[in-house]
Each structure stands twice: as structure tokens, then as C-alpha cells.
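Numbering follows the numbering used here, in which position 2 of the sequence shown is assigned residue number 3; successive positions increment by one, without gaps.
Quick reminder that beta carbons are idealized off the backbone N, C-alpha and C, glycines included.
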Amino acid sequence: MTTPRSVTAVAHANIALAKYWGKADDRENLPAVPSLSLTLEALRSRTSVSADASLTEDAVSLDGALATGRARERVVRLLDDVRALTETKLRLRVESHNDFPTASGLASSASGFAALALGASHALGRPLPVATLSSVARRASASAARSLFGGFVALRLGAASAEPVLDGAAWPLVMVIAVTAMGPKSVSSTDGMRHTLATSPYYPTWVTSAPALFAEVERAVLGRDFETLGAAIEQSALMMHASMLAARPALVYFSPATLRAMERVRALRREGTLAFYTMDAGPHVKVLCQEADAPSVAAALALVEGVERVIVSAAGPAAYVEDTA
Ligand code: PMV
């Protein structure tokens, strides 16, 4: 144990290649399906946390604005978990910044909660093992469990924490993100999962089919088999979205630009460039390709109507503590 201090933790967002959608246990926030992701270098959250004995409650600011309501509650709940594990009662001052659009389906909760768990345990002077931090982050947002680790990361069925599968440098793939025009505020993943489970006749089929797709994605990653990986990630994303589309009312995260970007990727393949898409709880399209093809894939996506910005990212590192004061 060391003394409480002020720290800045950095965690990178991750995009699932084998998707998580649906909870087996609401209270513990345990996923109903296994997932496998790639941590991304270009998208990160920087979270400063300091223990402050003069505070009577946690002070939380997200992207420069004081957090209130549900956003604040989720942060405080995570901090309470860290306080319980570190046997401390100190209140914390938290300032978190994302270098990409928050709550837009660009996985800001994943990097945000991963950085928060790491920063809080260090600020309280009791760094916790990474598996414990991953489990704490999972309770806030299951995808956040994966952002504690770099490269290719799995969150297995029933596991409390995520685990690394392959170092990013061992297979230098690139994710090209087509940021599409934002429509009306989308449904949060928690609400969307609840609605899908409650009303979609395809949800049980998704849950029974997802483990085999996860296994195929993991085998393709370990075997560096890009064509198999690409086919499996597209099927995983589309099966997840099919379960949402069959809900009542339908949960539609796609915008016209989403469909145009997907079609552009299929056209790229017809023209001989291997590239594969995946979409999350938002309208953006994330395209996985090999390093040499990244410039041409990015250029093609930038020309798609409704694509506002293209972000090109290599695999990113595990979460880390940046500096101390
Ligand atoms: O961890 P959450 O509650 O933000 O849910 C993430 C859900 C997806 O992004 C759609 C899929 C995934 O595995 O990241």
C-alpha cells in the first residue's frame, strides 16, 4: 500500500470483433455471450483521479461538464466497488476526457470505465491486479472489461474478467472508422439489450449461435487467417443487429450512411481489397483491413455520402497510469 495521490490513467477504446449483446445477469452485469475485441490506439480516455479528504461526495466531471443523473450514478457505483476492494472510504475527484465523440457508439464507456477503475485504485494508494480491475470495469460496462488489455482481448462466457488473446503487434491489422452523421440520440446499449431480450424472437437464437462465432473469431485471430476472421466478424455484427431489428418496436442503429458505407466495403472486396465491417450501438461503420490497404480503404470511405470523418487506428496498448502528482 502507498499513500493516496493524484493520478492520470489512460485506457483505449475497443471494438468487438465477436459481439456482446445481452446480459445473463443484470445485477452483476455478466454477458449472455462471449466476446472478442481489438483495442484501438486512436481512441482513448484520459481520466485524472485524486483522493480528497475534504470532499463529502465524489466530484465527477466528464468532458468538462459536471456529471449528473445516471451518468454520475454509474461512475459512483464503480468508485464504491473500488473503495470496497481497497478498504478505503475516501471520496474522489474525477475528471475524464475522451479524444473522440462520447456516447456515439464509439465505445467511450469502455475506455472511460477502464481508465476510471485503474485511476481510482491508484489514487486510493492501493493498485489492484489487472484481472480485478477488469472485473470492476465489467460491472459498469461489460465492454470496459476488455479495455484494460491491449491488442486482441476475450471476455469469455461466465468469466468475471477479460483476458488478452494476442498482442496487437503480432498481427498488425488496422481499423478504419467511418464516423457517420449522427441522427437522433440513440438508445443506450443497456436499454437496447433489455428491449431485445424482452421482445425479439431472434434473441434466443443469437445467444445460442454467438459462442460458435466467437470460437471461429478466436481461431482466426490465433491462426492469423484474415479472410475467415472478416467473414466471421461481419456475421457476428449482422446477427447481433438482426436480433435488434426483430425487436418490437425494432431497434435500428443503422442510418442511410451506415448502409452506404457497408455497401462500399462490399464493393472494395469485389475490386480485390480485403476489408470487413462491423457496427455497434450507433450508426458508425468500423472496417477491419490489413495494414497495407488502410490508406485506400480510408480514402474510399471518406468519399461515401454521409461519412463525416474517417479515423484510422492500429491496435492499441493496455490501460496504463500516465503520471503522478
Ligand atoms: O459494454 P456496453 O454496455 O457498452 O455494450 C457494448 C455493446 C456493443 O458495443 C454493441 C458490443 C460490444 O461487444 O462491444
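At a cut-off of 6 angstroms, would you count residue i as near ligand 1, judging by its Cβ distance to the nearest heavy atom?
i, result
"Asp82", "no"
"Tyr21", "yes"
"Ser190", "yes"
"Ser110", "yes"
"Ala160", "no"
"Asp281", "yes"
"Ala233", "no"
"Ser142", "yes"
"Ala17", "yes"
"Ser36", "yes"
Would DSSP call residue i helix, strand or coil?
i, result
"Phe255", "coil"
"Ala115", "helix"
"Ser46", "strand"
"Ala104", "The predicted model places Ala104 with a pLDDT of 48, which falls under 50 and marks its position as unreliable, so this point remains unresolved."
"Gly317", "coil"
"Ala17", "strand"
"His123", "helix"
"Ser1", "Nothing can be reported for residue 1, as the shown portion of the chain is limited to 2 through 326."
"Ala293", "helix"
"Arg28", "coil"
"Leu39", "strand"
"Glu309", "strand"
"Ser55", "coil"
"Tyr204", "helix"
"Phe150", "coil"
"Ser187", "coil"
"Val8", "strand"
"Val322", "strand"
"Val222", "helix"
"Val298", "helix"
"Thr279", "strand"
What are the boundary residues of the beta strand (DSSP E) that residue i is part of?
i, result
"Met194", "Met194 -> not in any beta strand (DSSP E); alpha helix (DSSP H) instead, spanning 190-200."
"Thr181", "174-181"
"Ala155", "153-156"
"Pro165", "164-167"
Can you tell me where the alpha helix (DSSP H) with residue i in it begins and where it stops?
i, result
"Val131", "131-141"
Please decide whether residue i counts as near chain C, where near means a Cβ-Cβ distance under 7 angstroms.
i, result
"Pro165", "Given the protein chain composition of this structure (a single chain), no chain C is represented."
Practice prompt. Could you tell me which uninterrupted beta strand (DSSP E) segments, each at least 3 residues in length, are contained entirely in the stretch 59-96, listed from first to last along the chain?
Written response: Whole beta strand (DSSP E) segments, 3+ residues: 60-63.
Worksheet item: At what residue ranges does the stretch 224-275 contain a whole run of the beta strand (DSSP E), taking only runs of 3 or more?
Response: Secondary structure in the stretch 224-275: no beta strand (DSSP E) run of 3 residues or longer lies completely within the stretch.
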